[in-house]
Amino acid sequence: MKRFAIRILWSIGLVLAVIFLNFSLIHLAPGDPATVIAGESGAGDPAVIDQIRADYGLDRSFVAQLASYVVRVAQGDLGDSFFFNQSVVSLIWARLWPTILLVATALIFAIVVGVLVGIFTARRPESRLSHSATILALAGYSMPVFWTGLMLVILFASVFKVLPISGMRDVQFDGGLLASWVDIGKHLILPAFTLGFLFLAQYSRLARASMLEVLQSDFVRTARSKGLSERVVVYKHALRNAVIPVVTVAGLQFGTMLSGAILVETVFNWPGLGRLAFDAVLRRDAPVLLGVLLVSTLLVIVVNLLTDVVYRIIDPRIRVGGAAA
Amino acid sequence: MSDLMLGSGAEAMAPPGREAWRMFFRNKAAVAGLFLLLGVILMTFLGPYVYDEDPKDIVARPLKGPGTEDVPGLGTDYLGRDVLAGVVNGGLTSLRVAAIAAALIVMIGVTIGAVSGFYGGVIDNALMRFTEVFQVLPALLFAMVVVALFGPSPWKVSIAIGLVLWPQLARLTRAEFLRLKNMEFVKAAQAIGSSDLRIIMRVILPNALPPLIVATTLVMGGAILLEAGLAFLGLGDANEVSWGLMIGQNRTNFITSWWTVTFPGLAIFVTVLSFSLIGDGLQDAFNPKLRGR
């Protein structure tokens with residue numbers, strides 16, 4: 018419990034460090050910080066520049082500016098977007114859920130299928146399927162995720178016209194709540210598959226490696242010698258252990274997954290944080306870009322904490338003897 | 310897996326000897342990776358002389374597919390530029406950015422990891438906390454912010470990529486140093502009064518090299534993917550020819566003009582795959598215990 022409290026405290030420290038990094042970037046960037054913050058859309062207007070100077074206290078010392086920046090962020094004020102003419106927080110809030118939906122679906126898909134493939138190939142390590150899974154894993158990791166997406170779009174736009182290839186909802190959609198969920202679900206399939214495929218390969222390799230190790234361990238031999246069926250041994254005794262490294266890596270790689278989501282959202286016009294970041298880049302909209310960076314980093318930190326919790330639930334050794342880790 | 314290969318954890322990562330190289334060259338996938346990389350390098354450095362077309366020249370009507378009359382081999386893009394010329398010339402940007410970024414990653418990562426692992430204690434704690442800050446940043450997003458604020462020159466793109474990818478190498482170097490620093494040969498070096506710097510550079514580091522070489526190979530692939538992603542999003546240098554940029558620029562018409570995005574993407578894929586295959590082969594060769602994982 019005490020270890021966990023320390024972790025939470027350190028997570029808060031991490032958030033502060035990232036805020037500091039954000040702030041330093043604005044100041045290190047070439048040009049007047051006020052014009053950096055105003056972006057392309059705001060920089061032409063002297064009134065906007067003066068407003069930013071006053072808001073951010075840009076005439077004061079670096080430390081005073083930093084302090085007021087931290088206070089503003091802590092109050093949930095990430096500034097305004099001059100292009101979208103909205104506060105950054107409200108923009109991000111609207112785009113956060115689509116991204117979480119996309120990433121969570123991709124993550125679940127990658128973990129479940131990855132672990133299943135891993136188990137299968139671990140039980141027959143020298144089979145042809147097992148070797149092709151290894152090669153496929155390397156191929157999956159090496160494909161630029163935006164290109165995989167574009168290839169799928171071409172395929173589904175011209176050959177199999179069964180799935181929507183762009184956006185999150187049908188423009189002409191008109192129906193009840195359930196039907197609208199089905200509509201979103203249909204739009205979700207291709208982007209989630211594209212993003213999940215990138216990680217599926219890695220997770221299956223990981224699951225396979227830990228499964229190979231677990232299947233040789235003493236407790237599995239004991240379970241077998243008790244006469245338990247192979248199914249019980251594999252899926253009840255060994256599986257739990259094979260999942261641990263996958264969950265750990267999935268948690269640690271959450272940032273990589275968000276990075277992938279940026280590209281996937283751009284390809285499929287999925288209205289999430291990534292698409293917002295892309296639009297912000299096009300408009301040189303620094304507050305939005307920095308806001309997305311901060312919120313995404315927060316997400317990563319929260320997910321890392323959650324992974325720690327899940328890890329403890331799956332692996333009783335860590336729950337009981339916390340000192341070992 | 311034979312019993313011979315099950316060494317104890319400590320000796321599993323022997324320095325790369327002749328045996329390791331023999332294992333590497335017996336690995337079909339690794340050799341395939343080596344040939345792919347050789348192909349990419351040949352195409353990048355000799356290709357422009359063999360296929361002497363300017364990738365920025367408008368040579369035919371736009372968006373004409375491969376096989377159309379009077380159109381170059383892989384068709385033309387949205388401006389009527391030669392796609393094949395773009396593919397041949399686009400690799401230089403990627404490889405250069407990846408090489409600079411990898412150098413930066415190794416420099417930062419190995420320095421921080423070595424100091425952290427060797428000295429331990431407070432220094433280790435502080436450096437690892439610092440590393441963690443860069444680890445929680447979503448790599449592509451942070452690189453986007455850096456490039457958007459500081460400009461898209463190849464140097465800045467390389468630095469942005471270097472800044473986000475070094476933590477992996479730092480953690481690995483630290484782990485190797487932690488493992489090696491209490492071994493007898495290190496104690497021996499300390500006993501004869503070698504300086505810390507000498508022990509880090511000449512005694513421990515050479516023994517930590519195999520896993521670091523593997524990680525560096527894999528990180529090159531990651532750097533190329535990141536560079537391509539940035540260029541795709543419009544954050545590359547628009548004056549350079551690059552595979553990612555070609556895909557990004559042709560995004561409006563790609564469904565009907567599939568050749569404009571397929572071939573540059575294939576080039577990225579093959580390049581990254583070659584690094585993955587080589588890295589994987591090196592891993593198996595240096596550390597037989599982990600074979601086939």
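Chains as they are written, first to last, in the working numbering: chain W, 18 to 342; chain B, 310 to 602. Think of the CB as a built atom: it goes at the ideal place given N, C-alpha and C, for glycine as much as any other residue. Please read these numbers as outputs of a predicted model, since none were measured by experiment.
- With respect to chain W, the C-beta atom of ALA537 (chain B) has a partner C-beta closer than 7 Å.
- Less than 7 Å separates the beta-carbon of GLY291 (chain W) from that of ALA278 (chain W).
- Going by C-alpha positions, PRO47 (chain W) is about 8 Å away from LEU458 (chain B).
- Every candidate beta strand (DSSP E) stretch fails here, since none sits fully inside the segment 82-158 of chain W while reaching 3 residues.
- Taking 7 Å as the CB threshold, PHE333 (chain B) stays off the interface with chain W.
- Counting the other CB atoms within 10 Å of its CB gives ARG301 (chain W) a total of 16 or more, which places it among the buried residues.
- The segment 211-229 of chain W and the segment 155-174 of chain W touch, with no fewer than 3 CB-CB distances between them shorter than 8 Å.
- With respect to the 7 Å criterion, ILE128 (chain W) and TYR252 (chain W) are not classified as neighbours on the basis of their beta carbons.
- The alpha-carbon separation between VAL581 (chain B) and SER403 (chain B) amounts to approximately 10 Å.
- At a Cβ-Cβ threshold of 7 Å, ILE509 (chain B) and ALA498 (chain B) do not count as neighbours.
- Scanning its chain for C-beta atoms nearer than 6 Å, with the 5 sequence neighbours on each side dropped, one finds around ALA240 (chain W) the residues VAL250 and HIS254, in chain order.
- Beta-bridge pairing by DSSP links THR265 (chain W) to no other residue.
- Residues of chain W whose Cβ lies closer than 7 Å to the Cβ of TRP568 (chain B) do not exist, since the nearest Cβ in that chain is about 10 Å away.
- Residue pairing for ARG390 (chain B): DSSP places it in a beta bridge opposite B:ILE367.
- In the three-state DSSP reduction, THR165 (chain W) falls in the helix class (H, G or I).
- GLY382 (chain B) and LEU393 (chain B) have their C-alpha atoms roughly 6 Å apart.
- Under DSSP, no beta-bridge partner is assigned to THR324 (chain W).
- Beta-bridge annotation (DSSP): THR385 (chain B) is paired with B:ASP391.
- The beta carbons of ALA479 (chain B) and THR526 (chain B) sit no closer together than 7 Å.
- Residue-level contact check: MET160 (chain W) touches chain B, since one or more beta carbons of chain B fall below 7 Å from its beta carbon.
- Between the C-alpha atoms of LEU42 (chain W) and ILE54 (chain W) there is a straight-line separation of about 11 Å.
- The residue from B:GLY422, B:ALA339, B:VAL454 and B:ASN548 with its alpha-carbon nearest to that of PRO476 (chain B) is B:GLY422.
- Straight-line measurement puts the Cα of GLY557 (chain B) at about 7 Å from the Cα of GLY543 (chain B).
- Remark: C-beta atoms of PHE595 (chain B) and PRO519 (chain B) approach each other more closely than 7 Å.
- For THR561 (chain B), the number of other beta carbons within 10 angstroms of its own is below 16, and it is reported as exposed.
- Under the three-state reduction of DSSP output, ASN336 (chain B) falls in the coil class, being neither helix nor strand.
- Listed along chain W are PRO161, PHE163, TRP164 and LEU167, each with a C-beta nearer than 9 Å to that of ILE556 (chain B).
- Taking a C-beta distance under 7 Å as the contact criterion, VAL309 (chain W) and LEU293 (chain W) qualify as a contact pair.
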